[in-house]
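Structure first, then comments.
There are 2 protein chains.
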Amino acid sequence: MSAKPAVVLLSGGLDSATVLAMAAAQGFETFALSFRYGQRHAFELQAAAQMAKRLGARRHVVVDFDLRTFGGSALTTDLPVPKGRSLEQIGQEIPVTYVPARNTIFLSFALAWAETLQCTDIFIGVNALDYSGYPDCRPQYLKAFEGMANLATRAGVEGGESLTIHAPLIRMTKAQIIREGLRLGVDFALTSSCYDPGPAGRPCERCDACLLRAKGFAEAGVADPLLQRCA
Amino acid sequence: MSAKPAVVLLSGGLDSATVLAMAAAQGFETFALSFRYGQRHAFELQAAAQMAKRLGARRHVVVDFDLRTFGGSALTTDLPVPKGRSLEQIGQEIPVTYVPARNTIFLSFALAWAETLQCTDIFIGVNALDYSGYPDCRPQYLKAFEGMANLATRAGVEGGESLTIHAPLIRMTKAQIIREGLRLGVDFALTSSCYDPGPAGRPCERCDACLLRAKGFAEAGVADPLLQRCA
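Protein chains in written order, with this note's numbering: chain C, 28 to 258; chain B, 28 to 258.
Written as structure tokens, this is what we have:
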């Protein structure tokens with residue numbers, strides 16, 4: 028019997044790389060899905076491609092569309108990415124880096140691919156502890172998406188196994204995620220978390236994503252291999 | 028005070044044109060949203076552009092992505108579009124023209140645009156009577172999407188007016204839709220319903236969409252101006 032398929036959302040960051048490794052470790056045959064959506068940090072897609080290959084994804088698909096058409100976020104417009112915020116500030120309110128409905132769009136494409144693969148498992152690396160305060164990273168949102176998805180597809184009419192949205196990181200700290208990734212052999216030097224990277228993906232080390240990443244490595248008691256690579 | 032904004036999904040077909048006219052008649056300032064998703068009947072986008080202009084949409088945006096990557100539907104692959112089915116057959120089971128998760132993807136983009144416009148009204152022309160039997164045209168699906176959407180966005184965290192998914196055609200017959208469109212001045216000669224149109228958008232008159240359209244015009248007791256135009 029062949030392995031059960033799973034669609035895994037893969038941004039190229041630390042969280043989704045760990046999730047891809049976790050899905051593979053659970054025995055799923057993984058189908059990695061990334062998006063070129065007009066993000067200023069499109070460097071992450073190079074990281075995603077390398078990670079999909081390293082972690083043995085059966086396929087890696089990048090879907091293209093342009094959310095700059097709608098605007099509304101520092102990640103898709105010229106609005107400045109906040110830098111040097113305190114860890115107390117991060118997650119207290121929804122920041123300007125929030126991209127309206129991004130996870131809903133990502134999960135919708137994952138749902139489309141899952142249905143054509145006859146796959147009932149979707150993995151997403153959202154986290155509601157060490158996170159940027161985005162509404163579409165909360166457990167109640169994911170539960171609602173799952174309920175909707177189970178009405179949206181053939182299986183919702185014809186019956187069959189229901190779809191599960193797996194968010195294995197949802198209650199983990201960044202340090203726990205890093206330890207789990209390291210345990211599963213994820214090479215974090217290949218990941219890219221920065222919202223505003225420089226040439227060759229060099230992290231700015233001052234945006235919310237860089238600060239949360241630094242906090243995680245510090246709490247895990249290990250050096251970030253990405254900073255060593257870029258040093 | 029300026030008119031309230033609404034995002035209206037506009038395919039270029041008869042149903043969504045009527046919905047655009049209905050939203051405008053209700054006093055909304057309309058923002059029409061269409062998709063080039065690899066559909067074989069991309070001719071409908073010309074119809075959508077004309078319709079948006081005629082019906083006074085404030086803006087008309089076409090988002091591009093390619094669902095052919097995933098396959099799984101006769102509308103996005105070389106699978107033949109069923110022709111000459113009886114009206115009894117249509118809607119009895121989910122046909123091969125079903126595009127996995129299409130309405131979920133469409134509504135997700137509508138949600139993204141609505142959030143950047145600070146708009147709480149989305150219109151979609153789905154219909155659960157004279158329809159092709161797609162799971163994502165059912166009232167319970169739309170209700171679930173609305174619930175999810177209200178958790179997905181800033182308003183779901185910060186409070187504010189909740190989002191409403193309007194599906195004013197959901198319980199109407201095709202004949203009722205046609206009469207309502209005519210009452211509101213929609214020029215159906217400019218719409219395109221066919222799943223497999225010929226040159227210049229000429230309808231095949233044998234696919235499910237053409238057959239449901241013909242039944243609607245027959246029941247409404249009026250001639251289809253599109254057939255007159257193409258004659």
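Even for Gly, the Cβ is constructed at its ideal location relative to N, Cα and C.
Please read these numbers as outputs of a predicted model, since none were measured by experiment.
Chain B partners of residue 66 of chain C, CB-CB under 8 Å?
What residue 66 of chain C touches in chain B: nothing, since even the nearest Cβ is about 14 Å away.
The alpha helix (DSSP H) that contains residue 41 of chain C, what's its start and end?
That run of the alpha helix (DSSP H) goes 41-52.
Identify the contact partners of residue 151 of chain C in chain B, using a Cβ-Cβ distance below 9 Å as the criterion.
Those do not exist, as residue 151 of chain C stays about 13 Å from chain B at its closest Cβ, beyond 9 Å.
Return the Cβ separation of residue 215 of chain C and residue 251 of chain C in integer angstroms, given the expectation that the two are a contact with Cβ distance under 8 Å.
About 7 Å separates the two Cβ atoms, so the contact holds.
Check the DSSP bridge columns for residue 144 of chain B and list the partner residues they point to.
BP columns for residue 144 of chain B are empty, so no partner.
Under a CB-based cut-off of 9 Å, is residue 115 of chain C close to chain B?
No Cβ of chain B is located within less than 9 Å of the beta carbon of residue 115 of chain C.
Which residue comes first and which comes last in the alpha helix (DSSP H) that contains residue 71 of chain C?
Per DSSP, residue 71 of chain C belongs to the alpha helix (DSSP H) from 71-81.
Considering only DSSP beta bridges, list what residue 193 of chain C is partnered with.
Residue 193 of chain C is bridged to C:150.
Limits of the unbroken beta strand (DSSP E) element including residue 209 of chain B
Premise fails: residue 209 of chain B lies in the alpha helix (DSSP H), 201-210, not in any beta strand (DSSP E).
Cβ of residue 79 of chain B within 9 Å of Cβ of residue 87 of chain B?
It is a contact, given that the beta carbons lie within the stated cut-off.
What three-state label does DSSP hand residue 31 of chain C in the structure shown?
Annotated three-state conformation of residue 31 of chain C is coil, per DSSP.
Could you pull the DSSP bridge partners for residue 179 of chain C from this structure?
The beta-bridge partner set that DSSP reports for residue 179 of chain C is empty.
Using beta carbons (cut-off 9 Å, strictly below), is residue 154 of chain C in contact with chain B?
Any Cβ of chain B closer than 9 Å to the Cβ of residue 154 of chain C would place that residue at the interface, and such an atom is absent.
Short-range partners of chain B found in the segment 111-136 of chain C, where Cβ spacing is below 9 Å:
Taking 9 Å as the upper bound on Cβ-Cβ separation, chain B lies near residues 120, 121, 125, 126, 127, 128, 129, 130, 131, 132, 133, 134, 135, 136 of the segment 111-136 of chain C.
For a cutoff of 9 Å on Cβ pairs, would you count residue 108 of chain C as touching chain B?
For residue 108 of chain C, the closest Cβ of chain B is not nearer than 9 Å.
Can you name the residues that DSSP bridges to residue 90 of chain C?
Under DSSP, residue 90 of chain C forms a beta bridge with C:62.
Got a sec: which bits of the segment 161-173 of chain C sit with their beta carbon under 8 Å from any beta carbon on chain B, in order along the chain?
Listed by position, the residues of the segment 161-173 of chain C near chain B (Cβ gap below 8 Å) are 162, 163, 165, 167, 168, 171, 172.
Closest to residue 64 of chain C by CA distance: which of C:77, C:55, C:100, C:257 is it?
Considering only alpha carbons, the answer is C:100.
Reference residue 246 of chain C; option with closest CA among C:207, C:201, C:229
Looking at the Cα atoms, C:201 is the closest of the given residues.
Alpha carbon to alpha carbon, how far is residue 199 of chain B from residue 154 of chain C? Give it in angstroms, no decimals.
Between residue 154 of chain C and residue 199 of chain B, the C-alpha separation is close to 43 Å.
Pull the bridge partners of residue 110 of chain C from the DSSP assignment, please.
The secondary-structure analysis by DSSP pairs residue 110 of chain C across a beta bridge with C:234.
Is it buried or exposed for residue 210 of chain B, if we count other Cβ within 10 angstroms and need 16 for buried?
Residue 210 of chain B comes out exposed.
Give a yes or no on contact between the segment 171-189 of chain B and the segment 191-198 of chain C, applying the rule of three or more CB pairs nearer than 8 Å.
In the pairwise beta carbon analysis, the segment 171-189 of chain B is classified as not touching the segment 191-198 of chain C: fewer than three pairs are separated by under 8 Å.
So is residue 185 of chain C in contact with chain B if we call contact Cβ pairs under 9 Å?
For residue 185 of chain C, at least one C-beta of chain B is nearer than 9 Å to its own C-beta.
Name the chain B residues whose beta carbon is nearer than 7 Å to that of residue 180 of chain C?
Going along chain B in sequence order, the residues near residue 180 of chain C (Cβ under 7 Å) are 127, 128, 162.
Roughly how many angstroms lie between the CA atoms of residue 40 of chain B and residue 236 of chain B, to the nearest whole one?
So the alpha carbons of these two residues sit roughly 10 Å apart.
Determine whether the beta carbon atoms of residue 212 of chain C and residue 219 of chain C lie at a separation below 9 Å.
Cβ distance not < 9 Å, so residue 212 of chain C and residue 219 of chain C don't count as in contact.
Taking the alpha-carbon positions, what's the residue 239 of chain B to residue 115 of chain B distance?
For residue 239 of chain B and residue 115 of chain B, the distance between alpha carbons rounds to 11 Å.
Contacting positions in the segment 69-101 of chain C - beta carbon closer than 7 Å to chain B:
When CB distances to chain B are screened at a threshold of 7 Å, the residues of the segment 69-101 of chain C falling below it are 88, 90, 91, 92, 94, 96, 97, 98, 99, in chain order.
Could you give the DSSP three-state label for residue 169 of chain C: helix, strand or coil?
Helix, per DSSP.
If I'm right that residue 35 of chain B touches residue 59 of chain B with Cβ under 8 Å, what's the distance once you round it to whole angstroms?
Between residue 59 of chain B and residue 35 of chain B the Cβ distance is about 5 Å, and since that is below 8 Å, they are a contact.
Beta-carbon contacts of residue 85 of chain B that lie in its chain and below 7 Å, excluding the five residues immediately before and after:
Counting only Cβ-Cβ distances below 7 Å, and skipping sequence neighbours, we find 56, 57, 58.
Among B:186, B:152, B:162, B:179, whose alpha-carbon lies nearest the alpha-carbon of residue 207 of chain B?
Selected option, being the one with the closest Cα: B:152.
Per DSSP, which one or two residues make a beta bridge with residue 57 of chain C?
C:33.
Length of the line joining the Cα atoms of residue 234 of chain C and residue 253 of chain C:
Between the C-alpha atoms of residue 234 of chain C and residue 253 of chain C there is a straight-line separation of about 16 Å.
Counting only beta-carbon separations shorter than 9 Å, does residue 194 of chain C have a partner in chain B?
Not an interface residue.
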